[in-house]
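Trainee: Shown below is the structure under consideration.
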Amino acid sequence: MKLSNIVENLSLEVKTGENNLQNDVTGAYISDLLSDVMANGKEGNVWITLQTHLNIVAVSGLKNLAGIIIVNNRPVQEDVLQKAESEKVTIMSTPLPAFEIAGKLYQLLNG
Amino acid sequence: MLREFKADLHIHTCLSPCAELEMSPRAIVKTAIKKEIDIIAITDHNSAENVIAARKAAKNTGLTVLAGMEITTSEEAHILALFDDLESISKLQDIVYSNLMPGVNDEKRFGEQIVVNEKDEVLDFNKRLLIAATDLSVYSAVNTIHSLSGLAIASHVDKDVFSIISQLGFIPDNLKFNALEMSVHIDRKQADALFALYNSYPWISSSDAHYLADIGKRTTTFIMNEPTTADMASALNNIEGRRVEWG
Ligand SMILES: [Zn+2]
Ligand SMILES: [Zn+2]
Chain A
4 MKLSNIVENL SLEVKTGENN LQNDVTGAYI SDLLSDVMAN GKEGNVWITL QTHLNIVAVS
64 GLKNLAGIII VNNRPVQEDV LQKAESEKVT IMSTPLPAFE IAGKLYQLLN G
Chain B
2 MLREFKADLH IHTCLSPCAE LEMSPRAIVK TAIKKEIDII AITDHNSAEN VIAARKAAKN
62 TGLTVLAGME ITTSEEAHIL ALFDDLESIS KLQDIVYSNL MPGVNDEKRF GEQIVVNEKD
122 EVLDFNKRLL IAATDLSVYS AVNTIHSLSG LAIASHVDKD VFSIISQLGF IPDNLKFNAL
182 EMSVHIDRKQ ADALFALYNS YPWISSSDAH YLADIGKRTT TFIMNEPTTA DMASALNNIE
242 GRRVEWG
């Protein structure tokens with residue numbers, strides 16, 4: 004499934020990386036520990052997290068993730084958004100908590 | 002004159018909910034002296050209310066007690082803040098308290114948070130949720146510590162939880178820690194193998210004592226002039242013959 008389908012179906016707000024929405028999504032991974040995502044995240048995964056530290060951009064690029072969904076409408080600092088834009092990392096945002104957005108995404112990917 | 006100072010820079014008192022009740026400032030000072038330690042730092046979670054008692058207990062003993070705290074950042078990384086003076090630690094405490102998650106400590110679940118004096122007399126039970134995280138990012142925590150002229154040390158970087166590396170995957174370049182701390186769980190050889198990437202940072206090792214028996218289980222030797230954070234910073238950076246050794 005294309006990232007753009009997910010954005011549309013889950014009403015995500017795209018904060019950076021508008022141009023990467025044609026990326027294929029292979030699945031999703033949920034974690035707030037960046038070391039865990041580096042160990043267990045898989046290429047093409049959407050990463051659901053509340054972490055907004057600058058390092059999320061590097062981890063996403065390193066693992067070739069399809070994009071990052073920030074939950075609970077957590078604010079993302081401007082420097083993080085700029086870095087994401089320049090590294091072609093897609094950051095999306097949702098008001099929903101991780102459990103709910105993950106449930107919807109699971110249905111969408113496996114339904 | 003340069004000489005060796007044996008230092009254990011990460012010790013919790015009975016103010017930390019997770020530390021044993023026997024960890025009174027007086028008992029800590031006694032134990033440290035018995036183990037021939039020259040410098041300790043009192044580093045409770047998000048509070049420094051037992052620092053004064055530890056200093057008083059160490060008066061005229063030759064033991065230096067640094068004013069410290071272990072801050073929990075918004076990313077839930079632990080960072081040690083070390084100062085020479087009480088004024089700086091009290092300023093830091095004000096900032097940490099105003100950024101601490103609101104809530105009341107549940108003593109049954111998390112443990113008691115006891116403020117005592119130098120004679121082991123209970124002064125107060127701290128009601129704040131010291132076990133929780135602050136709203137301070139790692140950047141603002143490190144900057145705040147440095148603006149108060151303290152040392153900022155990344156706690157137990159080898160641990161799977163509450164370490165800068167476990168929380169953020171790796172240490173961002175622009176985070177200016179004075180040192181990284183290795184826990185008692187790894188020795189020098191393992192640290193060299195695991196953290197070669199970070200050998201541009203000075204390393205120390207300390208006990209992170211929560212029990213009296215833990216004090217001095219791991220120490221770092223500072224070869225320097227005097228037991229101050231300024232001289233420690235010089236030792237960490239190998240300036241004018243000063244240096245650190247552990248493991
Ligand atoms: Zn810690
Ligand atoms: Zn600790």
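Top to bottom, those sequences are chains A and B. Note that our numbering has the first sequence beginning at 4, numbered continuously upward. Note that our numbering has the second sequence beginning at 2, numbered continuously upward. Don't be surprised by glycine CBs; every beta carbon is placed ideally from N, CA and C. Treat the numbers as computed from the prediction; the structure is a model and nothing was measured.
1. When burial is assigned at 16 or more other CB atoms within 10 Å of the CB, is residue 42 of chain A buried or exposed?
2. Provide the residue span of the alpha helix (DSSP H) that contains residue 7 of chain B, from first to last.
3. Let me know the secondary structure DSSP gives residue 46 of chain A once reduced to three states.
4. May I ask which residues mark the beginning and end of the beta strand (DSSP E) holding residue 134 of chain B?
5. In the DSSP assignment, the beta strand (DSSP E) including residue 223 of chain B goes from what residue to what residue?
6. May I ask you to verify whether the stretch 28-40 of chain B touches the stretch 83-103 of chain B, counting CB pairs closer than 8 Å and requiring at least 3?
7. Mind checking whether the beta-carbon of residue 215 of chain B lies closer than 7 Å to any heavy atom of ligand 2?
8. Report the rounded CA-to-CA distance for residue 50 of chain A versus residue 39 of chain A, giving the unit in angstroms.
9. Among all the DSSP beta bridges, which residues are the ones paired with residue 27 of chain A?
10. Taking the alpha helix (DSSP H) that residue 64 of chain A falls in, what are its first and last residues?
11. What runs of the alpha helix (DSSP H), each 4 residues or longer, lie entirely inside the stretch 31-80 of chain B?
12. Which residues of the stretch 174-200 of chain B have a Cβ closer than 8 Å to any Cβ of chain A? Give them in chain order.
13. Shortest alpha-carbon distance to residue 225 of chain B belongs to which of B:217, B:218, B:234, B:219?
14. Between which two residues does the beta strand (DSSP E) carrying residue 124 of chain B extend?
15. Starting from residue 93 of chain B and walking both ways along the alpha helix (DSSP H), at which residues does that stretch end?
16. Ignore the nearest five residues each way along the sequence and tell me which others in residue 97 of chain B's own chain have a CB closer than 8 Å to its CB.
17. Following the continuous beta strand (DSSP E) through residue 153 of chain B, name the residue where it begins and the one where it ends.
18. Round the Cβ separation of residue 119 of chain B and residue 54 of chain B to the nearest angstrom and send it over; I've been treating them as touching at under 8 Å.
19. For the stretch 80-107 of chain A, list every residue whose C-beta sits within 8 Å of some C-beta in chain B, in sequence order.
20. With 8 Å set as the bound, which would you pick, yes or no: does the beta-carbon of residue 53 of chain A sit closer than that to a beta-carbon of chain B?
Mentor: Working from what's here:
1. It counts as exposed.
2. Per DSSP, residue 7 of chain B belongs to no alpha helix (DSSP H); it is in the beta strand (DSSP E), 4-12.
3. Look at residue 46 of chain A here: in three-state DSSP terms it is coil, with no helix or strand label.
4. Counting along the chain, no beta strand (DSSP E) covers residue 134 of chain B, and no H or E run does either.
5. Here the beta strand (DSSP E) through residue 223 of chain B covers 221-225.
6. No: fewer than three Cβ pairs fall under 8 Å.
7. Checking every heavy atom of ligand 2 against the Cβ of residue 215 of chain B, none is found closer than 7 Å.
8. Residue 50 of chain A and residue 39 of chain A: Cα-Cα distance of roughly 11 Å.
9. Under DSSP, residue 27 of chain A takes part in a beta bridge, and its partners are A:5.
10. Annotation for residue 64 of chain A: the continuous alpha helix (DSSP H) segment containing it runs 58-65.
11. List check, alpha helix (DSSP H) in window: 52-59.
12. Here the close residues number zero.
13. Relative to residue 225 of chain B, the option among B:217, B:218, B:234, B:219 whose CA is nearest is B:234.
14. Bounds of the beta strand (DSSP E) holding residue 124 of chain B are 123-126.
15. 87-100 is the extent of the alpha helix (DSSP H) around residue 93 of chain B.
16. Only 47, 48, 70, 72, 135, 137 meet the Cβ criterion.
17. Looking at the DSSP string, the run of the beta strand (DSSP E) that includes residue 153 of chain B is 152-155.
18. Cβ-Cβ separation between residue 119 of chain B and residue 54 of chain B: approximately 5 Å, consistent with a contact (criterion under 8 Å).
19. Under the 8 Å Cβ criterion, the stretch 80-107 of chain A contributes no residue.
20. By this cut-off, residue 53 of chain A is not an interface position.
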